[in-house]
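Since the structure comes first, as structure tokens, the remarks are kept for the end.
In the UniProt record's numbering, the protein residues as written are 1 to 155.
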């Protein structure tokens with residue numbers, strides 16, 4: 001996925017020491033090759049164990065006025081490809097893919113009388129957990145997740 005990371009793309013990260021604080025920035029540069037470090041983090045090399053972590057260097061600027069960030073700190077970084085605000089969203093656990101389509105899914109809607117209905121929905125922006133709903137659901141729909149727990153679309 002490193003090919004999708006581009007200069008100007010928004011990014012944010014948290015550190016392992018403080019996962020409640022989030023630093024936001026924009027990618028300035030993606031270096032063309034992974035770093036040549038012999039170790040990562042707690043002395044483990046990328047080739048050790050059965051880790052499938054891909055390491056590469058992306059540079060972005062963040063405000064560190066309080067000096068909370070120090071060299072070699074471990075961080076969890078997220079790169080934002082697309083973003084949707086003020087929109088209806090549903091958990092992926094309540095959606096089932098339809099064929100090979102990347103944007104058409106079905107959702108099971110529970111009615112007040114206890115009956116359920118399967119609806120086709122079209123999604124837009126997404127992350128690992130949530131999808132923007134473009135068509136097929138409304139805010140007050142009650143969704144059944146694939147494990148039969150109840151979920152509600154969020155506005």
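All C-beta atoms in this analysis are idealised placements derived from N, C-alpha and C, irrespective of residue type, glycine included.
Remember, predicted model here, so these are calculated numbers, not experimental data.
Problem - Residue of 130, 10, 113 minimising C-alpha distance to residue 62 - result: 10
Practice task
In the DSSP assignment, find the unbroken beta strand (DSSP E) run with residue 129 in it and report its ends.
Solution key: Looking at the DSSP string, residue 129 is not in any beta strand (DSSP E), and its letter there is neither H nor E.
Problem - Contact the segment 17-30 vs the segment 83-93: 3+ CB pairs below 8 Å - result: no
Problem - C-alpha gap between residue 125 and residue 103, whole angstroms - result: 9 Å
Practice task
Identify, in the order they occur along the chain, each residue of the same chain with its Cβ nearer than 7 Å to the Cβ of residue 133, setting aside the five sequence neighbours on each side.
Solution key: 88, 89, 90, 121, 123, 153
Handout entry: residue 12: first and last residue of the uninterrupted beta strand (DSSP E) it sits in
Key = 10-15
Handout entry: Separation of residue 13 from residue 44, as counted between CA atoms
Key = Because the pLDDT at residue 44 is just 47, under 50, the model does not fix this residue reliably, and the point stays unresolved.
Handout entry: Under the three-state DSSP convention, the category residue 3 falls into
Key = helix
Practice task
Taking residue 131 as the reference, give the member of 92, 67, 68 with the closest Cα.
Solution key: 92
Handout entry: DSSP bridge partner residues for residue 25 (one or two, in chain order)
Key = 11
Problem - Same chain, Cβ closer than 6 Å to residue 18, five either side skipped, listed in chain order - result: none
Problem - CB contact flag (residue 81, residue 59, <7 Å) - result: no
Exercise for the section: Report buried or exposed for residue 139, applying the criterion of at least 16 other Cβ atoms within 10 angstroms of its Cβ. Expected result: exposed
Practice task
Could you check what DSSP says for residue 68 in three-state terms: helix, strand or coil?
Solution key: coil
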